[in-house]
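Trainee: Supplied in structure tokens, the structure appears directly below.
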Ligand code: ATP
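Residue numbers (the UniProt record's numbering): 1 to 199.
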């Protein structure tokens with residue numbers, strides 16, 4: 001059986017934005033991947049704030065990638081209770097898909113914090129990390145030799161910025177896809193006191 005190359009883009013996706021699409025698409029092209037799986041985290045270990053429910057975050061990613069046949073959503077992190085450490089998720093994925101080579105796509109903020117990840121040495125042996133530079137982050141890690149970096153334009157866009165823009169009613173038209181914008185509007189996400197739940 002031939003080995004497939006799958007990129008994984010883990011994240012909170014609260015909300016998913018064009019930066020996510022651009023890095024997934026560039027990683028796919030530059031690393032010659034067969035598919036990219038977007039993997040929303042159930043209990044984000046790196047986030048301290050409350051996040052929108054998993055149901056909404058998964059639905060928004062589904063809306064965002066609706067016209068890309070080579071992009072999928074994986075809800076694997078919702079199937080396991082407790083904190084979702086990437087290393088455990090990847091071990092499970094490798095068990096379920098023995099003929100797949102996984103590429104874990106991360107932005108510069110994640111590159112800088114890599115040394116704090118649970119069992120990072122193990123994880124480095126399980127996946128190829130694909131790093132994407134991000135404004136405001138150094139792209140520095142003791143594991144830099146083990147990161148395959150790809151070239152993209154610097155994208156100064158974050159979910160944090162978008163939550164603020166939605167909350168204050170600023171224009172968001174070209175920051176999220178039309179369908180994601182509609183979903184946020186219909187479900188009244190990011191308005192004060194609504195739809196923010198524990199996941
Ligand atoms: P928040 O502002 O809530 O922290 P975020 O914009 O960082 O969210 P996440 O869902 O946490 O979005 O990100 C998922 C993955 O995408 C992470 O690896 C992150 O580094 C990467 N990423 C997100 N936005 C960008 C960007 N503009 N440039 C490069 N990488 C990005």
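Ideal Cβ placement from N, Cα and C applies to all residues, glycine included.
Should residue 177 be counted as a contact of the ligand ATP given a C-beta to heavy atom distance under 7 Å?
Mentor: no
Trainee: Just verifying my parser: in three-state terms, what is the DSSP assignment at residue 51?
Mentor: coil
Trainee: Buried or exposed: where does residue 73 fall if 16 or more other Cβ atoms within 10 Å of its Cβ makes it buried?
Mentor: buried
Trainee: Which stretch, first to last residue, makes up the beta strand (DSSP E) that contains residue 5?
Mentor: 4 to 11
Trainee: Report the rounded CA-to-CA distance for residue 24 versus residue 30, giving the unit in angstroms.
Mentor: If I take the Cα positions, the gap works out to 10 Å.
Trainee: Would you kindly check if the distance between the Cβ of residue 86 and the Cβ of residue 10 is under 8 Å?
Mentor: yes
Trainee: Any heavy atom of the ligand ATP closer than 7 Å to the CB of residue 20?
Mentor: Within the cutoff, so yes.
Trainee: Quick one: is residue 177 buried, meaning 16 or more other Cβ sit within 10 Å of its Cβ, or exposed?
Mentor: Per the 10 Å Cβ criterion, buried.
Trainee: Going by DSSP, name the residue or residues bridged to residue 71.
Mentor: 36
Trainee: Based on Cα-Cα distance, which residue from 113, 167 and 159 lies nearest to residue 142?
Mentor: From the listed residues 113, 167 and 159, the smallest Cα separation to residue 142 is found for 113.
Trainee: Provide the residue span of the alpha helix (DSSP H) that contains residue 146, from first to last.
Mentor: Element bounds for residue 146: n/a, residue is neither H nor E.
Trainee: Quick test of the definition: if touching needs 3 or more C-beta pairs under 8 Å, does the segment 31 to 43 touch the segment 75 to 89?
Mentor: Under the 8 Å Cβ criterion, the segment 31 to 43 counts as touching the segment 75 to 89, having at least three qualifying pairs.
Trainee: Quick check: is any heavy atom of the ligand ATP less than 7 Å from the C-beta of residue 160?
Mentor: yes
Trainee: Quick one: Cα of residue 91 to Cα of residue 126, how far?
Mentor: 8 Å
Trainee: Nearest by alpha-carbon distance to residue 131: which of 189, 51, 76 and 149 is it?
Mentor: Comparing Cα-Cα distances from residue 131 to each of 189, 51, 76 and 149, the minimum goes to 149.
Trainee: Would you kindly check if the distance between the Cβ of residue 54 and the Cβ of residue 38 is under 8 Å?
Mentor: no
Trainee: With a threshold of 7 Å, establish whether the CB of residue 39 neighbours any heavy atom of the ligand ATP.
Mentor: no
Trainee: So, is residue 167 buried or exposed, given that buried needs 16 or more other C-beta atoms within 10 angstroms?
Mentor: exposed
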